[in-house]
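Comments concern the structure below.
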Amino acid sequence: MAMGFFGLALFLFLAFDFDQGSPSSASAASSSSSQNVQVTYGTVLKLMHEKTKFRLHSHEVPYGSGSGQQSVTGFPNVDDSNSYWIVRPPPDTSAKQGDTIPDGAIIRLQHMRTRKWLHSHLHASPISGNLEVSCFGGESESDTGDYWKLLIEGSGKSWKQDQRIRLQHIDTGGYLHSHDKKYARIAGGQQEVCGVREKRADNVWLAAEGVYLPITESK
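For the sequence shown, counting from 1, position 122 maps to 125 in the working numbering; every step adds exactly one.
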């Protein structure tokens, strides 16, 4: 079921929990208005794979091999609410909602619908045999397998919506990766998402649709 920007903003206003309050002043952003839009902690967004234009996606379907954890795929359609992720800092930092995210920061991505974390480990991915990427844990269950290093392509110092990025997994060193290898048994033409340890063109992602929280002003 699709969720529009205004519906998503209402959901966030009523239900979002990030320790420092609710994002009542959140604004929706689209790719047509992406220039200079900062990605801040607490932002809810979709990550678009640059080469294939598929969105990073998860759903309550476990892998049939490997870890058996909740599967992560690339999804071809824009209007699916299972492709929304909340950008979070690690729990042991002073970062708070509304803070900008510098190049090199360690972040976590929480799947909005199932509340599990984007995760990776040494299990083999189902199609290509690379590093499996899954969703795992929950609100109070997170470990370093959920940690990803933000690497901004080019000269950007903090993450903006129009910037090309890579996400490198801390524990395995694998880059978040996708390619046009499709799952035969998953509906909708979804493609594999995995981790690879080499920098490739298929490692690049962009922040796309979402509700981008404004920068918190220092007091």
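In this text, a Cβ means the ideal position worked out from N, Cα and C, and glycines have one as well.
| With Trp162 and Ile104 assumed to form a contact (beta carbons below 8 Å), what rounded beta-carbon distance in angstroms separates them? | 4 Å
| field | Buried/exposed call for Ala110, threshold 16 Cβ in 10 Å | value | The question names Ala, but residue 110 is Ile in the sequence shown. In the assembly as shown, Ile110 is a buried residue. Its beta-carbon has 16 or more other beta-carbons within 10 Å.
| field | Nonlocal neighbours in the same chain, by C-beta distance under 8 Å from Ile168, ignoring five residues either side | value | Leu153, Leu154, Ile155, Glu156, Trp162, Val207, Trp208, Leu209 and Ala210
| If you draw a straight line from the C-alpha of Ser131 to the C-alpha of Val90, how long is it? | 28 Å
| request: Spatial neighbours of His60 within its chain, please: CB distance less than 6 Å, with the 5 preceding and 5 following residues excluded, ordered by chain position. | output: Thr76, Phe78, Asn85 and Ser86
| field | Glu53 versus Gln166 - alpha carbon distance | value | Near 11 Å, if we compare the C-alpha coordinates of Gln166 and Glu53.
| said: Could you give the first and the last residue of the continuous beta strand (DSSP E) run that contains Trp88? | reply: Trp88 to Arg91
| request: Can you tell me which of the three DSSP states Ser84 falls into? | output: It is helical.
| Helix, strand or coil at Asp146 [DSSP, three-state] | Three-state result, Asp146: coil.
| field | Among Met115, Ser128 and Trp88, the one whose alpha carbon lies nearest that of Ser70 | value | Nearest option by C-alpha distance: Ser128.
| said: Suppose the cutoff is 8 Å on Cβ atoms and the five residues either side in sequence are ignored; what does the same chain contact list for Tyr186 look like? | reply: Thr76, Pro129, Ile130, Gln193, Gln194 and Glu195
| query | Are Gly213 and Leu48 close, meaning C-beta to C-beta below 8 Å? | reply | yes
| Neighbour-count burial assignment, Asp102, 16 or more Cβ in a 10 Å radius | buried
| Bounding residues of the beta strand (DSSP E) (the contiguous stretch that carries Glu195) | Counting along the chain, the beta strand (DSSP E) containing Glu195 begins and ends at Gln194 to Val199.
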